[in-house]
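For reference, the structure discussed in these notes is given below.
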Amino acid sequence: MATTTLTLFLGVLALTSILSFNAEARPQPSDEDLGIVIGPNTGLDDDLGIVIGPHVSEDLDMVGPHTNLEDEELGTIIGPEFEIHKHDFPKDFIFGTAVSAFQVEGAKKGSGRGLTRWDEFTHMFPDKVERGDDADIGVDFYTRYKDDIKLMKELKTNGFRFSISWTRVLPNGSVRKGVNKEGVKFYNDLIDELIANEIQPSITLFHWESPFALEMEYGGFVDERIVEDFREFAKFCFENFGDRVKNWATFNEPSVYSVAGYSKGKKAPGRCSPFEVLNCPSGDSSEEPYKVTHNQILSHLAAVEEFRKCVKCQENGGKIGIVLVSHWYEPKDPNSSKDVEYARRALEYQLGWFLRPLTYGHYPAVMQKDVNIRLPEFTEEESEKLKKSLDFVGLNYYGAFFTTPLTNTNSSELSYTNDLGAKISPEQNHSPHLKTTSMGIVIYPAGLMNLLRHIQDEYKNPEIYIMENGMDEIDNGTKTLAEATNDYGRKEFIKSHILIMGKAIRLHNVRLKGYFIWSLMDNFEWERGYKMRFGLYYVDFNDNLKRHMRSSGKWLSEFLDSKESLHKCYFEGHREKGYAPKLFDTEYLDPDNWRLSYASDI
Ligand code: NOJ
Numbered sequence: 204m205a206t207t208t209l210t211l212f213l214g215v216l217a218l219t220s221i222l223s224f225n226a227e228a229r230p231q232p233s234d235e236d237l238g239i240v241i242g243p244n245t246g247l248d249d250d251l252g253i254v255i256g257p258h259v260s261e262d263l264d265m266v267g268p269h270t271n272l273e274d275e276e277l278g279t280i281i282g283p284e285f286e287i288h289k290h291d292f293p294k295d296f297i298f299g300t301a302v303s304a305f306q307v308e309g310a311k312k313g314s315g316r317g318l319t320r321w322d323e324f325t326h327m328f329p330d331k332v333e334r335g336d337d338a339d340i341g342v343d344f345y346t347r348y349k350d351d352i353k354l355m356k357e358l359k360t361n362g363f364r365f366s367i368s369w370t371r372v373l374p375n376g377s378v379r380k381g382v383n384k385e386g387v388k389f390y391n392d393l394i395d396e397l398i399a400n401e402i403q404p405s406i407t408l409f410h411w412e413s414p415f416a417l418e419m420e421y422g423g424f425v426d427e428r429i430v431e432d433f434r435e436f437a438k439f440c441f442e443n444f445g446d447r448v449k450n451w452a453t454f455n456e457p458s459v460y461s462v463a464g465y466s467k468g469k470k471a472p473g474r475c476s477p478f479e480v481l482n483c484p485s486g487d488s489s490e491e492p493y494k495v496t497h498n499q500i501l502s503h504l505a506a507v508e509e510f511r512k513c514v515k516c517q518e519n520g521g522k523i524g525i526v527l528v529s530h531w532y533e534p535k536d537p538n539s540s541k542d543v544e545y546a547r548r549a550l551e552y553q554l555g556w557f558l559r560p561l562t563y564g565h566y567p568a569v570m571q572k573d574v575n576i577r578l579p580e581f582t583e584e585e586s587e588k589l590k591k592s593l594d595f596v597g598l599n600y601y602g603a604f605f606t607t608p609l610t611n612t613n614s615s616e617l618s619y620t621n622d623l624g625a626k627i628s629p630e631q632n633h634s635p636h637l638k639t640t641s642m643g644i645v646i647y648p649a650g651l652m653n654l655l656r657h658i659q660d661e662y663k664n665p666e667i668y669i670m671e672n673g674m675d676e677i678d679n680g681t682k683t684l685a686e687a688t689n690d691y692g693r694k695e696f697i698k699s700h701i702l703i704m705g706k707a708i709r710l711h712n713v714r715l716k717g718y719f720i721w722s723l724m725d726n727f728e729w730e731r732g733y734k735m736r737f738g739l740y741y742v743d744f745n746d747n748l749k750r751h752m753r754s755s756g757k758w759l760s761e762f763l764d765s766k767e768s769l770h771k772c773y774f775e776g777h778r779e780k781g782y783a784p785k786l787f788d789t790e791y792l793d794p795d796n797w798r799l800s801y802a803s804d805i
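Read left to right, the sequence shown gives residues 204 to 805 (the working numbering).
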């Protein structure tokens, strides 16, 4: 009865707003509608929004974007419809797409680019990459970038996030060992072409491509010598591109680089201790992830110092930050104080590991206690500098995970994962069941709100850019073009996150400045190869890498086209007024496949 009344009430509100076309008068979902706090509040930690219920065990079911279904065929929309409008966002808000150099460029040979650790990883350990894929050709962005900029125009986006391949400009990692002029020209041309098309470039300096020469010389980021080499690379980029590029990030998802690369060994350089599940030729999961993080943070600091000294960057009004990934964590059983505690721990271990040093100058207290002498320390001088080293926080948000303490851990097997001690998975104890993407990420737009507000409250209300958000699907290249481009689930996924962002800005004054969708087009998804796809454009690997706009891309272009007024955002029923986009149980992750599972990156 209450539900019917609420639905009717929202229906009337919706109608009123359609008639008035007034952004402020439109019905806006309340926190509860969006599932920010689900179920009874136990008073344990409601500001983190990690109180949920009721709890009914259900089998894990995982889904991917549905193909071949039109909106009108849905017929099962439950709960309110919310409306989003581009005018709900500030005028200077950036709506863009994102890629990274290694995943799209190709042109490994014949372009003067030096080798990276990922080249070695894909070629030396093909068994660690789905189907043995490599990125030698990528999706040929290197030669097709002008046409790809036309795609960005077609989407009506005004921002593009990409990374600079360190070894494309400095093949051996440092200026004194030579500059690749062709590589510098490529990025200059790319930047100029973007600006000519009124698309703002946003550059990430390090998106996991460590120069192979430096890896051979001293082991890359595991050694502190990397800091001065990174400083030199950053300075080189600021000097060459800083007159035109305003938005810079030093590192992309440094936590994944440390954990997946040096604790679990599933991403390059593929290092881990012998007790880890994967067979790594060498490594030390107890110390290396912490050293690698420490050196990334000090490298960030070195780059920021250079950025502040770069006159043309300052004159150009440039800003510099870092791109951190964080999931939202919910306790598997909200009535278990341990599960609640481990949700909080997971957030500290993933986001706090970087954002605490970069805001307060020290690692999270919980990590100092657990990791103890294995956790490096900052000097007082470094701490002071770190506190001033961010102009903005870049956030990659894909979804949520559930937490419970790990059982059966062997206390002699020290690693990042065992220090955290949490089992992080999509397995959940409540009903209705929250759905997951094909990689096993729980689709939870409300988690974005929780995270934004957590960052606002806990980290001094910084400017924030969502540097990645998007939805994966598995496609071996066996779908028809119509199936491959009709990505209803992704469309609703993106809409629902845009809805959350608008609400965060309007109702909570979150200082959100931009939103970049991962990704412009399908590309090399690291150890998951090309079969895991994220693109607003489908790439046909059977037909000369031809790009085809998906329905998500079409929707985005309509949304961003100011002539369009209203866009309805449907949420699937969850407690009769749910917050997950409607999806269909058509594609399944193999939960035992460590390559595919996203939780195994944490
Ligand atoms: C994280 C990374 O930054 C990006 O390289 C990756 O492709 C996407 N998220 C999707 O997994």
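Quick reminder that beta carbons are idealized off the backbone N, C-alpha and C, glycines included.
DSSP-derived helix/strand/coil call for residue i
i: L527; result: strand
i: Y647; result: coil
i: S260; result: In this predicted model, S260 has a pLDDT of only 26, less than 50, meaning its place in the structure is not dependable; the value taken from the coordinates is given anyway. If DSSP states are grouped into helix, strand and coil, S260 belongs with coil.
i: W411; result: coil
i: Q631; result: coil
i: A338; result: coil
i: N450; result: strand
i: Y741; result: strand
i: L637; result: coil
i: E676; result: strand
i: K469; result: coil
i: A310; result: coil
i: F581; result: coil
i: F812; result: Lying before the first or after the last residue shown, residue 812 is absent from the chain, which here runs from 204 to 805.
i: R402; result: The displayed chain sequence assigns Ile, not Arg, to residue 402. Coil.
i: G278; result: For G278, the predicted model reports a pLDDT of 27, less than 50, meaning its position is unreliable; a value from the coordinates is still stated below. In the structure shown, G278 sits in coil (DSSP, three-state: anything other than H, G, I, E or B).
i: E227; result: Only weak support exists for where E227 lies, its pLDDT of 38 falling under 50; the value from the coordinates is given anyway. It is coil, neither helix nor strand.
i: L550; result: helix
i: I287; result: strand
i: V387; result: helix
Per DSSP, cross-strand counterpart(s) of residue i
i: E533; result: F605
i: W721; result: A301
i: L715; result: I667
i: M752; result: Y740
i: L598; result: L527, I669
Cα-Cα separation between residue i and residue j, rounded to whole angstroms
i: V713; j: E583; result: 31 Å
i: T620; j: D804; result: 10 Å
i: D743; j: V448; result: 32 Å
i: E227; j: G705; result: Any reading at E227 must be qualified, since the residue scores a pLDDT of 38, below 50, and its modelled position is unreliable; the value itself is stated next. Each residue's Cα considered, the two are about 11 Å apart.
i: E761; j: S755; result: 10 Å
i: L421; j: N632; result: The sequence as given places Tyr at residue 421; Leu does not occur at that position. Near 47 Å, if we compare the C-alpha coordinates of N632 and Y421.
i: C475; j: K356; result: 43 Å
i: S699; j: P648; result: 6 Å
i: K359; j: Y493; result: 41 Å
Minimum C-alpha distance to residue i - residue among the options
i: K515; options: Y345, G315, E442; result: E442
i: S413; options: N498, L651, P404; result: N498
i: D295; options: K749, N613, G717; result: G717
i: F344; options: F436, T319, K311; result: K311
i: R511; options: I576, V574, K438; result: K438
i: R750; options: L763, F762, R736; result: R736
i: D594; options: A549, V543, Q517; result: Q517
i: P161; options: L408, D336, S461; result: The first residue shown for the chain is 204 and the last is 805, placing residue 161 beyond what the model contains.
i: G624; options: L655, D573, K734; result: D573
i: A546; options: G486, C475, K535; result: K535
i: A687; options: D725, V543, H326, S586; result: D725
i: V495; options: E418, N653, N747; result: E418
i: I703; options: T681, Y600, T453, K682; result: Y600
i: E490; options: S539, E479, V425, T325; result: V425
i: E323; options: W411, T607, P579, Q571; result: W411
i: N575; options: E728, L550, D542, S618; result: S618
i: S458; options: V526, I644, N747; result: V526
i: S405; options: V302, N679, E676, R347; result: V302
9 Å Cβ cutoff met for residue i and residue j
i: K522; j: E666; result: yes
i: G315; j: R379; result: no
i: L561; j: I658; result: no
i: V528; j: E671; result: yes
i: F365; j: V307; result: yes
i: F719; j: G341; result: no
i: W531; j: G602; result: yes
Contact test: residue i Cβ vs ligand 3 heavy atom, cutoff 8 Å
i: F344; result: This structure lacks ligand 3; the ligands present are ligand 1.
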